[in-house]
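To keep things clear, I will list the structure first and then write my remarks on it.
Protein chains: 2
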Amino acid sequence: MIELTIQIPNETIKVKVQQGENLLHAIRTAGVNIDAPCNGNGTCGKCRVKLMDGSVKHKNNFKNKESGTVLACSCTVVEPATICVPKESLLDVNNIRVQKNTDDYEERFYRLREKFASRYNVESHVQKIELHLEEPTLDDNISDVTRIKKHLRLELGCSRVEINTHLLQRIPVLLRESNFKVAVVYTWLDEDKIRVIDIKPQGQATGYGVAVDVGTTSVAACLVDLDTNQILGEAACANAQSKYGADVINRIIYAIKGDGLKELKEAVVKESINPLIMELCKANGIKSDEIIIFTASANTTMTQLLLGVYPDFLRKEPYIPALTDTRDLDISAADIGLCINNNALIHLSPAVASYVGGDISAGVLPAMIQESDKLSILIDLGTNGEIVLGNSDFLMTCACSAGPAFEGGEISCGMRAAPGAIEAVTIGEDYQARLNIIGAEKPYGICGSGIIDLISELKRVGLIDARGKFKKDIATKYVKFDQYGIGQYIVAEKEQYGLDEDIYITEVDIDNFIRAKAAVYSATYVLLSSVGMDFEDLDEVKVAGGIGNHINIKNAINIGLFPDINPEKYTFIGNSSLIGSYLSLTNKKAQDYIDETAEQMTYIELSVYPGYMDEFISASFIPHTNLQRFPNHNKMDGVAKDVKSAV
Amino acid sequence: MIELTIQIPNETIKVKVQQGENLLHAIRTAGVNIDAPCNGNGTCGKCRVKLMDGSVKHKNNFKNKESGTVLACSCTVVEPATICVPKESLLDVNNIRVQKNTDDYEERFYRLREKFASRYNVESHVQKIELHLEEPTLDDNISDVTRIKKHLRLELGCSRVEINTHLLQRIPVLLRESNFKVAVVYTWLDEDKIRVIDIKPQGQATGYGVAVDVGTTSVAACLVDLDTNQILGEAACANAQSKYGADVINRIIYAIKGDGLKELKEAVVKESINPLIMELCKANGIKSDEIIIFTASANTTMTQLLLGVYPDFLRKEPYIPALTDTRDLDISAADIGLCINNNALIHLSPAVASYVGGDISAGVLPAMIQESDKLSILIDLGTNGEIVLGNSDFLMTCACSAGPAFEGGEISCGMRAAPGAIEAVTIGEDYQARLNIIGAEKPYGICGSGIIDLISELKRVGLIDARGKFKKDIATKYVKFDQYGIGQYIVAEKEQYGLDEDIYITEVDIDNFIRAKAAVYSATYVLLSSVGMDFEDLDEVKVAGGIGNHINIKNAINIGLFPDINPEKYTFIGNSSLIGSYLSLTNKKAQDYIDETAEQMTYIELSVYPGYMDEFISASFIPHTNLQRFPNHNKMDGVAKDVKSAV
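So the sequences go chain by chain: A and B.
Take the first sequence: its letter number 307 is residue 307 in the working numbering, and every next letter is one higher.
Take the second sequence: its letter number 309 is residue 956 in the working numbering, and every next letter is one higher.
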């Protein structure tokens, strides 16, 4: 056995591994959440580590001799060595920050909830009733449960009361400790039957709910007070499955080997969702056992992985999901492995098809497409790009594989839209970037909206061409080329911001992003074409996703991500999947609405749609091979006016 | 640490224990299921072990110097020692024998099932339907679950289909492996909704059910083929909780300390019920996962312990159970810890009160008391003696604490009515006992029916007096007195039967049995008195319990267990709780019948009933202090004619 010393920020771990062990595997086995979206194929370049002492054996070329940086996945252990895993190579699942931003909640969540409720009625999933039970005597010696049921029947008019084992176990002591004065938290199962979710002493809160968006790359959650429907906190982190593959196809391939399915299920539950829940609870001083509703919206693959359902048929023609409709599924917190009340109501948003999931059926609700006669389109910029077209008469949907680039994945200095992310960029005449950073002085990486700006600006100032390649004839210290001639642009110099390393974007990154935007643009085009429509027919475009809150629509048009129509028609609605989860958690009718939405949507399978591939290739330029599609490209004034403050 | 060598039949175990450790605890910690119904109080004399080498420190007097026998509970470890635990001191949970006795099933189970079905209709809990699903295509790409639901809705007319996570996980692969030709096993939840229990390739059996009687002392189970409702095997063993206390009161006291509740739950589930299920499955070559229904009838304490519900309020005035009605309880196999299909239907028979449990409400069904105008009484001879009086107009019930004597508990050579048990005895003029042994040549112990005969015969031939004490003036080699003057009678001499030890009965055993029979007799008397009736008003007496299949009614009257009325009025119906479980497993209507029975019964709480204690004391003689209550005592002819064959 060989001793490896692994340095991570604030910690040093020593492990013994076999001679010849893969270094990526060795680091993971030590419990370090190292990122590797390609899962060790040597293609994503994310698992960079620094060799501090000793040596390792390389499988391929990648090694930065100067800095000692190697790709962990391409190395095997041959002798004792000290390896430093920089924070850039770590998944950020260990670094969850709960945000409490009441003003923002008002705009993003509450206004929609009220709008929906005023139209469809507010109907909570859970209700609470206080019971003053008589204390039993020798003459009144009915059982504890019978006593509770008797009162519930009398006061609620229900004839049947369902109670589960876990609750039953607590009842005898609870009743006596609270002098038979208790509050029963329940839900209506049908017009005649309720299910008791919790019984507690009087005067306590009804309980809490957690609404979640489980994305391929990121997981976002918010904690809801069920008495007020107010959000007590919001948090996001990487989907810890990312280490096993960046997109759903790689995850599926991993899932079907050995214990892969179990590992993926546990990764997202134990390393992403549960930590988010724990942090949200901690920040609000509540116990996770008080969480009695959980609603999640996820794409179809994520939903199957969350439930531990074999996903291989999702990626094989004819692309069949195990489930779409999620009504009447009997799912417990324990089935998923959630660290919440084991009697909690669990609801997963329904899918439409293999590549249009619950994130979209839930996401259509905040987009409110069906509420109007106007023709609207919803574009959800996720790892899976999903598009919904429709109005009060019809709903059509399709999906495309965009990859994790919109959320900063597979981008050298990419990150989610979280504090420290560069969310907006302008480039001056001196080719220096001016940055807008989310909630911090120092930049840490670039999120999706920042990358859109960056590519648009690089193109506008002429540093890159339509293929996204750096022009070699412009002399500026911000553009560098490596030994293979691959160009990169320094977005933030380490000296200026006091960083360990520069923040930069490479041609490879730009190429990844171009493929992502081409997938979305061409899917949007094909979806419209399939019903004989054109971009100009659109009245409204709703943009959703974890790309960042300040997406610059004009720049997004400039790079050819969005169609070149009047920018006034665009609205950015944020993480619509999370908002949909929240609405479905706080309003039973919203859940029905989402279920019905999923049923109403007509799904177009792009992979078999003639012409899609040609469209995609044509769109793989900045902005497009056919410039007539982008008449206003780079002609729009006030390019950078959305950047609110530059450093 | 001190090394102990523990010898059990066919195995020697070495353990290291602390100086001063209690020997009973040390033996249990070694995984040996040593019996100790008084749970270490030094009162039951069951945990006898033989000191083979070394020494132990004694707390009290009991030590047989000649044989080296000590009570493990009263010893502490002081030095390395070798301890032999004889099979008599072991719980018989490790020695389960599956019985397949088709003729017997006909009489005990099937006739009743048919009788019930002809009156109330047969309605199975589970049904099976074969589905020929179309294989999905790009044009017909609905999800697997949607496809199944569509067919079920069409063919069954239900609008809602409930499916749980465990099943969902299996669906994608199962559908494809069986070429989309599957059989769905389901149950109706209401007129519009079904729950899918299992999905399997076509051509397989629907599944199996297990019906159980969970008694305080013994657990009995039968395995049922759901396609034919035939019993595939029956088995019984000790309730492994017995080591923590012989009766429900001692169990409750154990449960409320430390991890007691968990230990008791696990003892009965992991060491009694699950081993019974595994043996029944093994004997029939089926997987325990194929068991999709489980019905259990148990007294109220056993039900609460099975569910892990805090039981202390059962024994404290006003004696309140946590639950009686078991409808709408949401219990899974996992909640209990059962080794069966995790989607199985679980039903526990409802209780009436703290000391009249599901064993009685289920047991009334085979007794069919409500089906006739005749006044009947059901006497269930369990550790808890339970009595039901009634006819088609009313049902009354009460319970008394009999202790485990009827099932051979707290009797030196007592055992359950299983192969090797002496089930009938006559004593000749030479004072030698003639024995009837269940299914074996050699006797192993005495079961309840044998003890009744034995006491009746000992009294008839004049070896004991009305208090159950041996008369010292009769000289026979079969009666011996120990150093304290306590008499015992040799039932089977070791030389005659080739045994390691004699089989005998002591004055202490007889005293235990007298208390048991006095409890039942006086309870029966008081129940009748409470409605102004007398024994002579009874038209029928149904006797139930695990006492043995060949109870000699006349002898039972002779010893004062049963009232002295016409023996023709008596019928022995066997383990009515198990039969009730079986009926409720095979017929939904039977389950409703049991639920309604529990609601209809009026419970009399004897412990607060004036005069019960006086009645009990008067009945603590053979047959009674008031001989006018037993005019025919020892005058009945053919005392021993029920003994079919004597060895």
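Glycine included, C-beta positions come from ideal geometry on N, C-alpha and C.
Output needed in chain order: residues of the segment 593-604 of chain A with a Cβ under 9 Å from some Cβ in chain B. Y603
Less than 8 Å between the CB atoms is what I'm expecting for A/L375 and A/D539, so what's the real figure, rounded? Locating residue 375 of chain A in the first sequence gives position 375, counting from the first residue. Locating residue 539 of chain A in the first sequence gives position 539, counting from the first residue. With a Cβ gap of about 5 Å, A/L375 and A/D539 count as contacting.
Can you tell me which residues form a DSSP beta bridge with B/G1092? Mapped onto the second sequence, residue 1092 of chain B falls at position 445. According to DSSP, which records beta bridges pairwise, B/G1092 is partnered with B/A1068.
What alpha helix (DSSP H) runs, 4 residues minimum, are completely inside the segment 1224-1293 of chain B? 1235-1247 and 1259-1265
By a C-beta neighbour count over all protein chains shown, 10 Å radius and 16 as the cutoff for buried, is A/I557 buried or exposed? Locating residue 557 of chain A in the first sequence gives position 557, where the first residue counts as 1. Burial call: buried.
Flag B/A1000 as yes if its beta-carbon sits less than 8 Å from any beta-carbon of chain A, otherwise no. In the second sequence, the residue the question calls residue 1000 of chain B occupies position 353. Closer than 8 Å: yes.
Give the straight-line distance between the Cα atoms of A/T524 and A/Q7, rounded to the nearest whole angstrom. One-based indexing of the first sequence puts residue 524 of chain A at position 524. One-based indexing of the first sequence puts residue 7 of chain A at position 7. Cα to Cα, A/T524 sits roughly 46 Å from A/Q7.
Among the candidates A/V214, A/D592, A/Y484 and A/V479, whose CA atom is the shortest distance from the CA of A/V491? Counted from its first residue, the first sequence places residue 491 of chain A at position 491. Taking only the C-alpha atoms, the option nearest A/V491 is A/V479.
Determine the DSSP secondary structure at B/K1108, reduced to helix, strand or coil. Within the second sequence, the letter at position 461 stands for residue 1108 of chain B. It should be pointed out that residue 1108 of chain B corresponds to Val in this sequence rather than to Lys. Residue state, collapsed to three classes: coil.
Among all the DSSP beta bridges, which residues are the ones paired with A/Q127? In the first sequence, the residue the question calls residue 127 of chain A occupies position 127. As a beta-bridge residue in DSSP terms, A/Q127 pairs with A/Y186.
I'd like to check one pair, B/T1153 with B/I1133: are the Cβ atoms closer than 8 Å? Residue mapping note: residue 1133 of chain B aligns to position 486 of the second sequence, counting from 1. Residue mapping note: residue 1153 of chain B aligns to position 506 of the second sequence, counting from 1. In contact: B/I1133 and B/T1153 (Cβ atoms closer than 8 Å).
Between the Cα of A/S522 and the Cα atoms of A/F513, A/G560 and A/K442, which residue gives the shortest distance? Taking the first residue of the first sequence as position 1, residue 522 of chain A is located at position 522. Considering only alpha carbons, the answer is A/G560.
Burial state of A/R251 (16 or more Cβ within 10 Å): Here residue 251 of chain A corresponds to residue number 251 of the first sequence, with the count starting at 1. Answer is buried; the Cβ neighbour count reaches 16.
So that I know if they touch, is there some Cβ in chain A lying closer than 8 Å to that of B/Q666? Sequence index remark: in the second sequence, residue 666 of chain B carries index 19 (1-based). No, no contact with chain A.
How about A/T165: is its C-beta nearer than 8 Å to some C-beta of chain B? Start at 1 with the first residue of the first sequence, and residue 165 of chain A comes out as number 165. Interface residue, yes.
Which chain A residues sit within Cβ distance under 7 Å of B/N788? For the purposes of this step, residue 788 of chain B is identified with residue 141 of the second sequence, where counting begins at 1. P318, Y319, I320 and A353, listed in chain order.
Quick one: grab the DSSP three-state call for B/K909. Locating residue 909 of chain B in the second sequence gives position 262, counting from the first residue. In the structure shown, B/K909 sits in a helix (DSSP, three-state: H, G or I).
Simplified DSSP assignment, three categories, for B/Q1135: Position 488 of the second sequence, counted from the start, is the residue given in the question as residue 1135 of chain B. In this structure, B/Q1135 counts as strand in the three-state DSSP scheme.
At least 3 beta-carbon pairs within less than 8 Å: the segment 575-585 of chain A vs the segment 658-674 of chain B: no
Please confirm if B/F1277 has its CB atom under 8 Å from at least one CB of chain A. As a working mapping, residue 1277 of chain B is identified with position 630 in the second sequence. Not an interface residue.
Report yes if the CB atom of A/F481 is closer than 8 Å to the CB atom of A/I411, and no otherwise. Counting from one through the first sequence, the residue named residue 481 of chain A turns up at place 481. Counting from one through the first sequence, the residue named residue 411 of chain A turns up at place 411. Against a cut-off of 8 Å, the Cβ pair of A/I411 and A/F481 comes out as no contact.
Inter-residue Cα distance where the pair is B/Q1135 and B/L1105: In the second sequence, the residue the question calls residue 1135 of chain B occupies position 488. In the second sequence, the residue the question calls residue 1105 of chain B occupies position 458. Each residue's Cα considered, the two are about 11 Å apart.
Shorter than 8 Å from the beta carbon of A/Y484 to some beta carbon of chain B? Here residue 484 of chain A corresponds to residue number 484 of the first sequence, with the count starting at 1. Cβ-Cβ to chain B under 8 Å: no for A/Y484.
Would you kindly work out how many angstroms separate the C-alpha atoms of A/D642 and A/I377, rounded to a whole number? Locating residue 642 of chain A in the first sequence gives position 642, counting from the first residue. Locating residue 377 of chain A in the first sequence gives position 377, counting from the first residue. For A/D642, the predicted structure reports a pLDDT of 44, less than 50, and the residue's modelled location is therefore unreliable. The matter cannot be settled from this model.
Quick one: any contact between the segment 274-292 of chain A and the segment 435-442 of chain A, if contact means 3 or more CB pairs under 8 Å? no
Neighbour-count burial assignment, A/K644, 16 or more Cβ in a 10 Å radius: Position 644 of the first sequence, counted from the first residue, corresponds to residue 644 of chain A. Because the pLDDT of A/K644 is 38, which lies under 50, any placement of that residue in the model is unreliable, and the question is left without a value.
Please classify A/G532 as buried or exposed, where buried requires at least 16 neighbouring CB atoms within 10 angstroms. In the first sequence, the residue the question calls residue 532 of chain A occupies position 532. So A/G532 ends up on the exposed side.
Just by C-beta distance, which residues in the segment 151-175 of chain A are closer than 7 Å to chain B? R160, V161, E162, I163, N164, T165, L168, Q169, I171, P172 and V173
Is any beta-carbon of chain B found at less than 8 Å from that of A/D637? Here the question's residue 637 of chain A lines up with position 637 in the first sequence. Its pLDDT being 45, under 50, A/D637 is placed unreliably by the model, and the measurement read from it follows with that caveat. It does not: the Cβ of A/D637 has no partner Cβ on chain B nearer than 8 Å.
Contact between the segment 262-281 of chain A and the segment 318-332 of chain A: three or more CB pairs below 8 Å? no
Cβ separation of A/V196 and A/I163, assumed to be a contact under 8 Å, to the nearest whole Å: Walking along the first sequence from the start, residue 196 of chain A turns up at place 196. Walking along the first sequence from the start, residue 163 of chain A turns up at place 163. With a Cβ gap of about 5 Å, A/V196 and A/I163 count as contacting.
I'd like the list of long-range same chain contacts for B/K890, defined as Cβ closer than 8 Å, with 5 residues on each side in sequence excluded. Counting from one through the second sequence, the residue named residue 890 of chain B turns up at place 243. Here the set comprises R675, N680, I681, D682, A683, P684, N686, L738 and A914.
Cβ separation of B/D845 and B/G856, assumed to be a contact under 8 Å, to the nearest whole Å: Position 198 of the second sequence holds residue 845 of chain B. Position 209 of the second sequence holds residue 856 of chain B. Cβ atoms of B/D845 and B/G856 stay farther apart than 8 Å, at about 12 Å.
Residue interval of the beta strand (DSSP E) (run including A/L648): Given a span of 1 to 647 for chain A in the structure shown, any question on residue 648 of chain A remains unanswerable.
Pairing CB atoms from the segment 330-340 of chain A with CB atoms from the segment 802-818 of chain B, are three or more of them under 8 Å? yes
Residue-level contact to chain B via CB, A/L226, 8 Å cutoff: Start at 1 with the first residue of the first sequence, and residue 226 of chain A comes out as number 226. No, A/L226 does not count as interfacial toward chain B.
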